[in-house]
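Residue numbers (the working numbering): 9 to 438.
Yeah, the Cβ is synthetic: ideal placement off N, Cα and C, and Gly gets one too.
Bear in mind the structure is a predicted one, so any value in this text is a computation, not a measurement.
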Amino acid sequence: MHRRLLLSLSQLRRPTARRWGRVTAAAMATICVAAGCSGSSDAARQAETCDTPGVSAGEVRLGLIYPDSGLIGDVLRAARSGVDARLKLANAEGGVNGRRVSYDWQNDEASVSANKVATAKLVSQGVFGFLEMTTAGSGGAELLRSQGIPAAGLPSERVWADPAYPNMFTFPSDLTSEHATDIIGRYVKAQGGTRAIIVRNDTEESSRGYGSLLERSVTSVGIPARVISFSSVISSPEQLAAQIRADGADAVLIAMGGDDIERVTAAAHSASSAIKTVIAVSGYGPDTIERYGRTVAGLAIFAAITPFEADIPAQKTYLGAMAQYSPEFQPPNDAVAYSSYIVTDLFLRGLAAAGPCPTREAFVKGLRAVKDYDADGLLAGPVDFSRSLDQQDSCFTFVRVNSAGTGYEIVQNEAPGSNPLRWCGKPLAS
Numbered sequence: 009m010h011r012r013l014l015l016s017l018s019q020l021r022r023p024t025a026r027r028w029g030r031v032t033a034a035a036m037a038t039i040c041v042a043a044g045c046s047g048s049s050d051a052a053r054q055a056e057t058c059d060t061p062g063v064s065a066g067e068v069r070l071g072l073i074y075p076d077s078g079l080i081g082d083v084l085r086a087a088r089s090g091v092d093a094r095l096k097l098a099n100a101e102g103g104v105n106g107r108r109v110s111y112d113w114q115n116d117e118a119s120v121s122a123n124k125v126a127t128a129k130l131v132s133q134g135v136f137g138f139l140e141m142t143t144a145g146s147g148g149a150e151l152l153r154s155q156g157i158p159a160a161g162l163p164s165e166r167v168w169a170d171p172a173y174p175n176m177f178t179f180p181s182d183l184t185s186e187h188a189t190d191i192i193g194r195y196v197k198a199q200g201g202t203r204a205i206i207v208r209n210d211t212e213e214s215s216r217g218y219g220s221l222l223e224r225s226v227t228s229v230g231i232p233a234r235v236i237s238f239s240s241v242i243s244s245p246e247q248l249a250a251q252i253r254a255d256g257a258d259a260v261l262i263a264m265g266g267d268d269i270e271r272v273t274a275a276a277h278s279a280s281s282a283i284k285t286v287i288a289v290s291g292y293g294p295d296t297i298e299r300y301g302r303t304v305a306g307l308a309i310f311a312a313i314t315p316f317e318a319d320i321p322a323q324k325t326y327l328g329a330m331a332q333y334s335p336e337f338q339p340p341n342d343a344v345a346y347s348s349y350i351v352t353d354l355f356l357r358g359l360a361a362a363g364p365c366p367t368r369e370a371f372v373k374g375l376r377a378v379k380d381y382d383a384d385g386l387l388a389g390p391v392d393f394s395r396s397l398d399q400q401d402s403c404f405t406f407v408r409v410n411s412a413g414t415g416y417e418i419v420q421n422e423a424p425g426s427n428p429l430r431w432c433g434k435p436l437a438s
């Protein structure tokens with residue numbers, strides 16, 4: 009699964025029904041001036057005559073796809089709770105441009121072939137657009153592109169960042185990108201790191217990929233790096249510690265997940281007291297604290313969505329919506345539910361931009377014109393949808409396990425003029 013989903017801060021308020029209402033009023037005024045109409049009855053008649061699939065006078069109907077069975081289904085089933093919370097919150101505030109938003113759903117079993125079938129079925133049912141909380145959205149991507157149907161989804165596949173699919177939207181994640189940024193290198197340098205070791209498992213494709221991205225990031229800021237392979241099956245933390253010690257590294261980057269995070273962190277701490285930072289590509293969550301405690305004290309983890317330790321207003325709105333509209337789901341700070349809420353918010357932003365008589369084309373055009381989307385700070389940095397995700401600056405938030413191993417603390421960016429929650433950087437040339 010897409011391991012993290014982190015976040016950031018903003019002073020903007022959520023686009024509530026009142027704000028969307030002002031946009032709608034302005035849009036309707038422009039239309040009426042051009043058409044020579046007058047009075048609210050004309051606006052009402054226009055809304056009633058919208059003939060876009062899935063759009064009626066009082067409702068916009070979407071298609072939701074997620075895996076409701078299988079191993080991945082056990083993880084992603086939380087997505088529906090996040091979707092419900094955001095949609096019901098929007099509907100309670102008056103909907104989008106006066107229409108409530110609903111959905112029909114299909115189970116794709118996290119299978120590309122099943123996703124293709126599910127997509128075709130929902131298209132035949134006449135939905136306006138799609139929410140894809142799955143790791144298999146590529147299955148139906150060609151059908152959606154061919155008909156210009158908008159979709160927002162979890163950043164779990166490359167297709168979501170592919171400029172060949174302008175109708176598909178998500179937020180930045182390393183799983184959607186094949187390009188490195190200099191963010192990790194900047195962070196290591198800020199922590200005092202001067203030489204890095206990157207630990208990966210050469211038998212795992214994803215670990216090799218993360219290792220390559222991390223190596224490029226740290227070397228881009230002038231920090232020499234060495235990549236070494238580690239597998240608990242054929243090696244030990246003691247042997248790894250000896251390698252770190254011999255290399256003289258003061259920064260250790262972990263391109264693996266699971267129990268290997270604990271093993272490598274322990275090895276780094278035992279290797280030298282001069283270690284400035286230990287960073288992992290995954291692991292943020294209560295499980296890491298509960299399972300490993302002080303063993304992983306000092307471990308830093310980065311992500312593209314804002315951790316709950318930030319305690320920003322938009323997170324309080326999210327938690328309130330989960331408590332009111334998805335109370336059966338616990339704990340509400342689950343990464344999948346949280347990310348799905350953000351994806352749904354993103355779709356609502358596009359729907360608002362599509363105007364009082366939304367079309368699929370207007371949705372795509374309107375959302376592609378948005379250059380500063382950050383879900384009210386739930387994302388670690390603003391997204392410019394007018395550009396490919398691979399071609400824009402991006403941001404992470406870093407959290408670190410506290411010295412007692414009992415929780416996380418945000419690592420603040422102390423650079424002058426920086427948002428303390430955001431560590432941002434530039435994309436590196438291929």
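Is DSSP giving residue i helix, strand or coil here?
i	result
P245	helix
T202	coil
S49	Because S49 sits at a pLDDT of 45, beneath the cut-off of 50, its placement in the model cannot be relied upon, and the following sentence gives the value as read from the coordinates. S49: helix per DSSP, three-state reduction.
A311	strand
I320	coil
L261	strand
T303	helix
T296	helix
A35	Low confidence applies to A35: its pLDDT is 36, below 50, so where it sits in the model is not reliable, and the reading given next is rough at best. The answer is helix: DSSP assigns A35 an H, G or I state.
T189	strand
C58	coil
Y326	helix
Output the boundary residues of the alpha helix (DSSP H) element that contains residue i.
i	result
I269	267–279
Y173	Careful: Y173 lies outside any alpha helix (DSSP H) and carries neither H nor E.
L359	343–361
V83	78–84
G433	No alpha helix (DSSP H) contains G433, which is instead part of the beta strand (DSSP E) from 431–433.
In its own chain, which residues sit with a C-beta less than 6 Å from the C-beta of residue i, not counting the 5 before and 5 after it?
i	result
F238	V207, L248
A361	G374, L375
K284	Q199, G200, G201, D258, A259
E140	I73, A159, G161
P428	Q420, N421
A383	I350, D353
A86	D342, V344, A345
P232	R203
D392	K379, Q400
P340	L327, M330
G81	P75
A52	Interpretation of A52 is limited by its pLDDT of 48, a score under 50 that renders its predicted location unreliable; the figure taken from the coordinates is listed afterwards. Correct list: empty, nothing qualifies.
Short of 8 Å in beta carbon distance, which residues of its chain neighbour residue i, apart from the five on each side in sequence? Order them along the chain.
i	result
E369	G156
A423	A198
P245	R271, V272, A274, A275, S278
Residue range of the beta strand (DSSP E) that residue i falls in?
i	result
G71	67–74
T285	285–288
Give every residue of the same chain whose Cβ lies closer than 7 Å to the Cβ of residue i, excluding the five residues on either side of it in the sequence, and list them in chain order.
i	result
G415	I297
L222	I192, I206, L261, A263
D210	R216, S237
R253	A279, S280
T189	S225, S402, G433, K434, P435, L436
S438	H187
P174	V372, R376
Q251	I236
Of all the beta strand (DSSP E) runs that stay within the bounds of the stretch 216–245, which reach a length of 3 or more residues? Runs of the beta strand (DSSP E) lying entirely within the stretch 216–245, each at least 3 residues long, are 233–237 in chain order.
Taking three-plus beta-carbon pairs below 8 Å as touching, is the stretch 190–206 in contact with the stretch 156–172? At 8 Å Cβ cutoff, the stretches do not touch.
Could you tell me which uninterrupted beta strand (DSSP E) segments, each at least 3 residues in length, are contained entirely in the stretch 98–166, listed from first to last along the chain? Entirely contained in the stretch 98–166, the beta strand (DSSP E) runs reaching 3 residues are, in chain order, 108–115, 138–140, 159–161.
On the three-pair Cβ rule with 8 Å, is the stretch 217–237 touching the stretch 257–268? The stretch 217–237, when compared against the stretch 257–268, does touch it at the 8 Å Cβ threshold.
Output the residue ranges of the beta strand (DSSP E) runs that lie fully inside the stretch 350–429 and measure 3 residues or longer, sorted by chain position. Counting whole runs of 3 or more residues, the stretch 350–429 contains the beta strand (DSSP E) stretches 402–409, 416–418.
Is it a yes or a no for the stretch 62–77 touching the stretch 135–147, going by three-plus beta-carbon pairs under 8 Å? Yes, the stretch 62–77 touches the stretch 135–147.
Answer yes if the stretch 170–180 comes into contact with the stretch 110–117, meaning at least three C-beta pairs across the two stretches below 8 Å, and no otherwise. Contact between the stretch 110–117 and the stretch 170–180 is absent, because fewer than three Cβ pairs lie under 8 Å.
Say whether the stretch 325–335 touches the stretch 91–98, bearing in mind that this needs 3 or more beta-carbon pairs closer than 8 Å, one atom from each stretch. Because the criterion of three Cβ pairs below 8 Å is met, the stretch 325–335 and the stretch 91–98 touch.
Is there contact here, the stretch 404–418 with the stretch 296–315, by at least three beta-carbon pairs under 8 Å? Three or more beta-carbon pairs drawn from the stretch 404–418 and the stretch 296–315 are found closer than 8 Å, and the two stretches are therefore classed as touching.
Indicate whether the contact test is met: 3 or more Cβ pairs, each with one atom in the stretch 119–128 and one in the stretch 148–155, closer than 8 Å. Contact between the stretch 119–128 and the stretch 148–155 is established, with three or more Cβ pairs separated by less than 8 Å.
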